[in-house]
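So the structure is just underneath, and the comments pick up after that.
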Amino acid sequence: MADKYMQGRNDGMAFALKIAKEKGIEGLEEECRYRGCTNLPSRVPKRAADEFVERMKNNTIDTILMMSVAVLRDEFEFGKKRLERFQDRFILKTECLIEDYCTWDDIREALKEETGLELGIRKNE
């Protein structure tokens, strides 16, 4: 057990040295902040983690869109034309979030002001 622990420490030190040589101390500090926030093991490359996160975001967007379209069809009898309009608008709003033209707080506040609906996002704590 102690050997595995020591091997892990040595691997971490080697990884830190590699980052420091390639990106300097600032790059190492950035890597430490990133890994501290994500609890990502040093053996997983940041690029692989970023690609995984991007795939998960796209999967989430696709599944939420599909569920929304299904609800609009099943419960409110939207036809093809209205569903396509909804889908186009959903994608536009999603792109606005991705490009930082708006935030979830902006959307939440607009809905509250315009409709009185108070929506929130559950926190993963």
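So for the sequence shown, the numbering used here puts the first residue at 143; every next one is plus one.
Note that CB positions come from ideal geometry on N, CA and C, so glycine has one too.
Note that the structure is a prediction, hence the values are computed from the model and not measured.
Item, Value
"Are Glu268 and Ala158 touching if we call contact CB-CB under 9 Å?", "Because the chain spans 143 through 267 in this model, residue 268 falls outside it and cannot be assessed."
"Can you give the beta carbon distance from Phe228 to Phe220, rounded, assuming they're within the 8 Å contact cut?", "7 Å"
"Given this structure, state the Cα-to-Cα distance separating Leu170 from Arg177, to the nearest angstrom.", "10 Å"
"Near Asn266, which residues of its chain fall below 8 Å by C-beta distance, leaving aside the five closest residues on each side in sequence?", "none"
"Can you grab the Cα-Cα spacing for the pair Leu253 / Arg151, in whole Å?", "50 Å"
"Output the boundary residues of the alpha helix (DSSP H) element that contains Asp192.", "Lys188 to Phe218"
"What's the C-alpha gap between Asn200 and Ala190?", "15 Å"
"Under the three-state reduction of DSSP, which class applies to Asp248: helix, strand or coil?", "helix"
"When the Cα atoms are used, what is the spatial distance from Ala212 to Met148?", "53 Å"
"Relative to the C-alpha of Ile161, which residue among Asp230, Glu226 and Arg185 is closest?", "Arg185"
"Is the separation between the beta-carbon of Leu234 and that of Arg250 shorter than 9 Å?", "no"
"Check each candidate in Pro183, Leu207 and Arg175 and name the one with the smallest Cα separation from Asp153.", "Pro183"
"Here's a check: name, in chain order, each residue in its chain whose Cβ is nearer than 8 Å to the Cβ of Trp246, leaving out the five neighbours to either side.", "Leu239 and Ile263"
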